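Novice: Chains A and B, in that order, give the protein sequences.
So in numbering that gives the first Met the number 0, spot 45 of the first sequence is number 44, and the numbers just go up one at a time.
So in numbering that gives the first Met the number 0, spot 125 of the second sequence is number 124, and the numbers just go up one at a time.
Ideal Cβ placement from N, Cα and C applies to all residues, glycine included.
In this text, all values refer to a predicted model and were calculated from it rather than measured experimentally.
First the structure, which I've put down as C-alpha cells, then a few questions once you've had a look.
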Amino acid sequence: MAKNNTQQEELLGRKPPGWLERQLGTEAYRALRGMATNPISVIGTLLLAIFLFVAIAAPVLAPPAHTNDPYQIPRDGYGQVPKPPGTEWRTRQPPLPFWWKAVTGKDNWIHIMGTASGQWDIYYGVVWGTRTALRVGLVITIITAIVGIIVGSVSAYYGGTVDIVLMRIVEVFIAFPFLPAAMTLSAVLTPIIGRGLFPPMIAIIVFGWTGVARLLRSDVLSVREREYVLAAKVIGVSDARIMFRHILPNAIFPTLVWASMRIGSLVITFAALSFLGIGAEVGYADWGQLLSFARDWMTQLGEYWYIVTFPGTILVLFVLAWNLVGDALRDVLDPRLQGSR
Amino acid sequence: MTAPTVATQTEEPEVILRVRNLKKYFPIRRGVFQRHVGDVKAVDDVSFDVYKGETLGLVGESGCGKTTTGRTIIRLYDPTAGSVYFQGRDMAELKGKELRAMRRKMQMIFQDPYASLNPRMSVLGIVGEPLEIHHIANRSERKERVAELLKLVGLNPAFMNRYPHEFSGGQRQRIGLARALALNPDLIICDEPISALDVSIQAQVVNLLEELQEQLGLTYIFIAHDLSMVRHISKRVAVMYLGKIVELTDRDTLYTNPLHPYTQALLSAVPVPDPFIEETRKRIILKGDLPSPANPPSGCNFHTRCPVFQKGLCDVQDPEFIEVEPGHFCACHLVKPQ
Ligand SMILES: Nc1ncnc2c1ncn2[C@@H]1O[C@H](COP(=O)(O)OP(=O)(O)OP(=O)(O)O)[C@@H](O)[C@H]1O
Ligand SMILES: [Mg+2]
Numbered sequence: 000m001a002k003n004n005t006q007q008e009e010l011l012g013r014k015p016p017g018w019l020e021r022q023l024g025t026e027a028y029r030a031l032r033g034m035a036t037n038p039i040s041v042i043g044t045l046l047l048a049i050f051l052f053v054a055i056a057a058p059v060l061a062p063p064a065h066t067n068d069p070y071q072i073p074r075d076g077y078g079q080v081p082k083p084p085g086t087e088w089r090t091r092q093p094p095l096p097f098w099w100k101a102v103t104g105k106d107n108w109i110h111i112m113g114t115a116s117g118q119w120d121i122y123y124g125v126v127w128g129t130r131t132a133l134r135v136g137l138v139i140t141i142i143t144a145i146v147g148i149i150v151g152s153v154s155a156y157y158g159g160t161v162d163i164v165l166m167r168i169v170e171v172f173i174a175f176p177f178l179p180a181a182m183t184l185s186a187v188l189t190p191i192i193g194r195g196l197f198p199p200m201i202a203i204i205v206f207g208w209t210g211v212a213r214l215l216r217s218d219v220l221s222v223r224e225r226e227y228v229l230a231a232k233v234i235g236v237s238d239a240r241i242m243f244r245h246i247l248p249n250a251i252f253p254t255l256v257w258a259s260m261r262i263g264s265l266v267i268t269f270a271a272l273s274f275l276g277i278g279a280e281v282g283y284a285d286w287g288q289l290l291s292f293a294r295d296w297m298t299q300l301g302e303y304w305y306i307v308t309f310p311g312t313i314l315v316l317f318v319l320a321w322n323l324v325g326d327a328l329r330d331v332l333d334p335r336l337q338g339s340r
Numbered sequence: 000m001t002a003p004t005v006a007t008q009t010e011e012p013e014v015i016l017r018v019r020n021l022k023k024y025f026p027i028r029r030g031v032f033q034r035h036v037g038d039v040k041a042v043d044d045v046s047f048d049v050y051k052g053e054t055l056g057l058v059g060e061s062g063c064g065k066t067t068t069g070r071t072i073i074r075l076y077d078p079t080a081g082s083v084y085f086q087g088r089d090m091a092e093l094k095g096k097e098l099r100a101m102r103r104k105m106q107m108i109f110q111d112p113y114a115s116l117n118p119r120m121s122v123l124g125i126v127g128e129p130l131e132i133h134h135i136a137n138r139s140e141r142k143e144r145v146a147e148l149l150k151l152v153g154l155n156p157a158f159m160n161r162y163p164h165e166f167s168g169g170q171r172q173r174i175g176l177a178r179a180l181a182l183n184p185d186l187i188i189c190d191e192p193i194s195a196l197d198v199s200i201q202a203q204v205v206n207l208l209e210e211l212q213e214q215l216g217l218t219y220i221f222i223a224h225d226l227s228m229v230r231h232i233s234k235r236v237a238v239m240y241l242g243k244i245v246e247l248t249d250r251d252t253l254y255t256n257p258l259h260p261y262t263q264a265l266l267s268a269v270p271v272p273d274p275f276i277e278e279t280r281k282r283i284i285l286k287g288d289l290p291s292p293a294n295p296p297s298g299c300n301f302h303t304r305c306p307v308f309q310k311g312l313c314d315v316q317d318p319e320f321i322e323v324e325p326g327h328f329c330a331c332h333l334v335k336p337q
C-alpha cells in the first residue's frame with residue numbers, strides 16, 4: 000500500500016496546499032491566484048479599483064456645493080459657450096478641496112476639465128458620475144441577473160409546459176429591439192414616476208433579463224445531463240440539492256461572467272437614455288448627461304474637444320475595465336481549463 | 000397489490016434482478032407545439048435475469064441501447080413498458096422514499112471518468128455525499144468512512160481534500176467506485192467503466208472490481224462495447240443489437256458456440272491468442288450500417304445486415320427470444336431449440 004501511495008503522489012505531482020490555500024479552499028485560491036497572475040485581469044482590476052476609489056473619494060476629490068444634494072453638478076453661470084480646462088470659478092464656487100493648495104499652491108478653484116454648455120463643471124460630473132455609473136450598473140445587473148437566473152433555472156428544471164410558457168414570454172421580450180424598447184418604456188414611465196434614475200433603470204431591467212434567462216437555461220439543460228448529476232440521482236440526492244449543489248454551481252459561471260461584462264454596456268445604454276434626455280434629471284451627475292450637453296457643439300469639437308473627450312474617455316475605460324475583468328473571470332473560473340485536463 | 004416474489008430454489012442461484020419485457024422509447028418531438036412524431040426505440044423488449052454474486056456482461060455496438068438499459072433499470076429513466084424486479088420487489092411500484100431506499104442497494108458507475116465527478120466538489124464531498132444525505136454518518140465519522148472507502152479502492156486517503164481535476168482517469172474511476180460503494184450496494188451497474196481508460200489501466204480497474212466482488216459479495220452488470228473487454232470478468236454475457244438482446248448465455252458457451260449470426264460476426268472480429276486458431280480465423284464482415292433505432296427494420300432487427308438472412312421470414316416476423324438449450328437464449332428464426 001505504501002508503495003502505491005508514493006506512486007499516486009508522483010502522479011498527482013503537486014505540493015501539499017499552503018496556508019492561504021487552506022484558508023480559502025482550493026477553488027477560491029486558484030481563482031485568486033489566476034486573477035493575480037493574468038495581466039489582462041490585473042489591468043482590468045486596476046482600472047476598476049481606480050473607479051471605485053474615485054467613487055468613494057468623490058466628496059474629497061470634488062467637494063459638493065450642496066452637501067444635501069451632492070449629485071447636483073455645480074454650474075458657473077448660465078452661458079452657452081463651454082469654457083476650457085483651467086478656467087477659474089467665478090460664481091457659486093463650491094468649497095475648495097483641502098489638498099488643492101498643497102498640490103497646486105493656488106488659492107482658487109478652477110474648472111479642471113472645463114465647463115460644458117450651460118457652465119456645468121465637467122470635472123464634478125465625471126467624478127460624481129462615477130458613483131452613478133457604479134450604482135446604476137450594479138443595481139441593474141444584480142436585478143436582471145436574479146430575475147434571469149430564477150426564470151432560467153425554473154424553466155430548465157421543470158421543463159415541459161412551464162418551460163414552453165416561460166420561453167415564449169422571453170421570446171416576446173426579445174422580439175423588441177433593446178434600445179428603442181428601453182427608450183420607449185423609459186419615456187412612458189417618466190411622467191408616471193417622475194424624471195430621475197428610476198425610469199431608465201426599470202426600462203433596462205424589463206428588457207434586459209431575457210438574455211440571462213436564456214443563457215442560464217441552456218447551461219442548466221446541458222449540465223443536467225452530465226454524469227455526475229445522474230450519479231447524484233442514483234445515490235438518492237433530493238431534487239433541490241441536485242439543483243443547488245450539482246447543477247447551478249456548474250452552470251452559473253458563464254452567466255455571472257456575462258453579467259459582469261454587461262455592466263459596462265448597461266452603463267452605456269443608460270448613458271444613451273440620459274443623452275436622449277429620458278434619463279437622469281438635468282444637472283444630475285451622469286456621464287450620459289454630460290455628453291448630452293455637447294449636443295449643440297458637435298460641429299465645433301476641434302475647439303471644444305474637452306466637452307466630449309473627458310466624459311467619453313471615462314465611459315470607454317469603464318466599459319473596458321468590466322470587459323477585461325469578465326474575460327479573465329471566465330478563464331479563471333472554468334475548472335476545465337485548470338490543471339491536468 | 001403485492002409485488003410478485005421471485006421463487007428461489009435451493010440449487011438454482013438466487014435471482015437478484017429480473018428484467019421482463021423492458022422498453023424505453025425516447026419520444027421525438029418537433030415544431031412549436033412539440034408534436035410527437037416518433038420514437039427512438041433505445042431499448043425494445045428486453046428480458047433477462049441476473050443472479051446474485053455473478054457478473055453479467057452486456058455487449059453491443061455503440062448506440063445499441065446498453066446505457067439506456069442500465070439507466071432504465073436503475074430508474075434514471077422511467078421505463079416505457081415492462082418491469083424490473085429487484086430483490087423480489089417491483090421497482091415500478093416504488094416512489095419517492097421507497098425508491099430512494101431501494102436505490103441504495105443498486106448503484107452505478109459511469110463511462111466517462113471526466114464527467115462523472117462534480118468538478119466543484121472535493122473527493123471528500125463526492126464520496127461522502129451518499130453518507131451525508133442518507134444520514135449514515137456524522138461529520139467526523141464520514142471522514143473516517145471516506146478514508147476507508149478510498150483505501151478500499153486503492154487510493155490514498157490523504158487526497159481526500161483534492162478536487163477531481165487533480166486525478167488521472169483511472170484514479171477518478173476509483174473515486175466513482177468509492178462513491179458507489181459508500182451505501183453498501185448489492186448490485187452495481189458498470190457502464191463501460193474501462194472504455195475511456197488507457198489499456199494499461201483497464202486491467203487494474205477490472206482486477207479491482209473482481210477483488211471487491213469477492214470481498215463484498217457484489218453483483219455486477221458490466222457493460223462494454225466489445226466482447227474482448229467482458230470476457231475476463233463476466234460469468235454470463237448478453238449480446239445486444241439495436242435495442243434488443245439477441246443472445247444470452249454463459250461466457251464459455253458464448254465464446255465457443257455462438258448461435259446468433261450477430262454474435263458470430265462480433266466474435267470473428269476478436270483476435271484469438273492461439274496462433275493456429277488465429278490463422279484460420281475468418282472475419283465475418285457485416286454489410287451496411289447500423290440502422291437507426293428511430294426507424295428499426297421490420298421483422299428481425301438484424302435482417303438488413305445478416306449473412307444468412309432468409310427472405311419472407313426474417314424481414315416479416317420478429318424472432319422470439321427463446322431458451323434453445325438450458326441457460327442459452329437466442330433470438331433468431333434459424334436457431335431452433337434442441
Ligand atoms: N436521452 C435521450 N434522448 C433521446 N435519445 C436518446 C437518449 N439517450 C439515448 N438515446 C438514443 O438511444 C439510442 C441508444 O443509446 P445508448 O446511449 O443507450 O447506447 P449505448 O449502447 O450506450 O451506446 P454507447 O456505446 O455509445 O454508449 C441511441 O440511438 C441514442 O441516440
Ligand atoms: Mg453507453
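I want to verify the contact list: residues of chain B whose CB lies under 9 Å from the CB of K343(A), in sequence order.
Specialist: Since the first residue shown for chain A is 0 and the last is 340, residue 343(A) is missing from the structure and cannot be characterised.
Novice: With a threshold of 8 Å on Cβ separation, who are the neighbours of Y77(A) within its own chain once the five nearest residues in sequence on each side are excluded?
Specialist: So the list reads G117, Q118, once near-sequence residues are dropped.
Novice: Can you tell me which of the three DSSP states S221(A) falls into?
Specialist: Reduced to three states, the DSSP call for S221(A) is helix.
Novice: Report yes if the C-beta of T66(B) is less than 6 Å from at least one heavy atom of ligand 2; otherwise report no.
Specialist: Indeed, a heavy atom of ligand 2 lies less than 6 Å from the Cβ.
Novice: Nearest chain A C-beta to L16(B) closer than 7 Å, yes or no?
Specialist: It does not: the Cβ of L16(B) has no partner Cβ on chain A nearer than 7 Å.
Novice: So, for V205(B): in the same chain, excluding its five sequence neighbours on each side, which residues have a beta-carbon less than 7 Å away from its beta-carbon?
Specialist: If we look at V205(B) and ignore the five residues flanking it on each side, its Cβ neighbours are I193, H231, I232.
Novice: Using DSSP's beta-bridge definition, name the partner residues of P26(B).
Specialist: Partner(s): D38(B).
Novice: Report the start-end ranges of each alpha helix (DSSP H) in the stretch 64-125 of chain A that is 4 residues or longer and not cut off at the edges.
Specialist: Here the runs fully enclosed are 97-103.
Novice: Can you check the stretch 137-163 of chain A for any beta strand (DSSP E) of at least 3 residues that lies completely inside it and give the ranges in chain order?
Specialist: Complete beta strand (DSSP E) runs here, min 3: none at all.
Novice: On the three-state DSSP scale, how would you describe V307(A)?
Specialist: DSSP places V307(A) in helix when its eight states are reduced to three.
Novice: With a threshold of 6 Å on Cβ separation, who are the neighbours of V256(A) within its own chain once the five nearest residues in sequence on each side are excluded?
Specialist: Taken in chain order, the residues that qualify are G325, L328, R329.
Novice: Tell me, please, whether the stretch 204-221 of chain B touches the stretch 25-39 of chain B by the rule of three or more beta-carbon pairs shorter than 8 Å.
Specialist: Counting Cβ pairs under 8 Å, fewer than three are found: no touch.
Novice: If you check the beta carbons only, do K243(B) and D43(B) fall under 7 Å apart?
Specialist: Closer than 7 Å, so yes.
Novice: For the stretch 150-161 of chain A and the stretch 219-230 of chain A, state whether three or more C-beta atom pairs, one from each stretch, are separated by less than 8 Å.
Specialist: In short, these stretches touch, since the Cβ pair count reaches three.
Novice: How would you write the range of the alpha helix (DSSP H) that R70(B) sits in, first residue to last?
Specialist: Residues 65-72.
Novice: Am I right that H133(B) and L182(B) are in contact with their C-beta atoms under 8 Å? What's the rounded C-beta distance?
Specialist: Yes, H133(B) and L182(B) are in contact; Cβ-Cβ is about 7 Å, under 8 Å.
Novice: Can you name the residues of chain B whose CB is closer than 9 Å to the CB of G136(A)?
Specialist: Going along chain B, no residue has its Cβ under 9 Å from G136(A), so there is no contact; the nearest lies around 28 Å.
Novice: Since A57(A) and T129(A) should fall inside the 8 Å C-beta cutoff, what is the C-beta to C-beta distance between them, to a whole number of angstroms?
Specialist: Rounded, the Cβ-Cβ distance is 7 Å, consistent with contact.
Novice: Looking at the structure shown, is R161(B) part of a helix, part of a strand, or coil, going by DSSP?
Specialist: Coil.
Novice: Contact criterion: CB-CB distance below 7 Å. Does R225(A) meet it with respect to chain B?
Specialist: Yes - at least one Cβ of chain B is within 7 Å of the one on R225(A).
Novice: P129(B) and I234(A): beta carbons closer than 7 Å?
Specialist: Yes. Within cutoff.
Novice: Can you tell me where the beta strand (DSSP E) holding S82(B) begins and where it ends?
Specialist: Its beta strand (DSSP E) spans residues 80-85.
Novice: Does H65(A) have its Cβ less than 7 Å from a Cβ in chain B?
Specialist: It does not: the Cβ of H65(A) has no partner Cβ on chain B nearer than 7 Å.
Novice: Would you check whether ligand 1 has a heavy atom nearer than 6 Å to the C-beta of V228(A)?
Specialist: Outside the cutoff, so no.
Novice: At a cut-off of 6 Å, is P78(B) close to ligand 1 when judged by its beta-carbon and the heavy atoms of the ligand?
Specialist: Checking the Cβ of P78(B) against ligand 1 gives no.
Novice: Just how far apart, CA to CA, sit P292(B) and V135(A)?
Specialist: Looking at the two C-alpha atoms, the distance is approximately 54 Å.
Novice: Quick one: is the Cβ of P292(B) within less than 6 Å of any heavy atom of ligand 1?
Specialist: Yes, Cβ of P292(B) sits closer than 6 Å to a heavy atom of ligand 1.
Novice: Can A155(A) be considered in contact with ligand 1, in the sense that its beta carbon sits closer than 6 Å to one or more heavy atoms?
Specialist: No.
Novice: When the Cα atoms are used, what is the spatial distance from K142(B) to I125(B)?
Specialist: Looking at the two C-alpha atoms, the distance is approximately 11 Å.
Novice: Does D111(B) have its Cβ less than 7 Å from a Cβ in chain A?
Specialist: D111(B) counts as touching chain A.
Novice: Classify S46(B) as helix, strand or coil using the three-state DSSP reduction.
Specialist: Three-state DSSP puts S46(B) in a strand.
Novice: Inspect the CB distances between the stretch 105-123 of chain B and the stretch 44-53 of chain B and report whether three or more fall short of 8 Å.
Specialist: With a cut-off of 8 Å, the stretch 44-53 of chain B and the stretch 105-123 of chain B do not count as touching, because too few Cβ pairs lie within range.
Novice: Alpha carbon to alpha carbon, how far is K65(B) from T71(B)?
Specialist: Each residue's Cα considered, the two are about 10 Å apart.
Novice: Roughly how many angstroms lie between the CA atoms of R261(A) and N155(B), to the nearest whole one?
Specialist: Straight-line Cα distance between these residues: approximately 45 Å.
Novice: Using a Cβ-Cβ cutoff of less than 6 Å, which residues in the same chain neighbour F50(A) once the five nearest sequence positions on both sides are dropped?
Specialist: T129.
Novice: With which residues is C329(B) paired in a DSSP beta bridge?
Specialist: DSSP lists E246(B), I321(B) as partners of C329(B).
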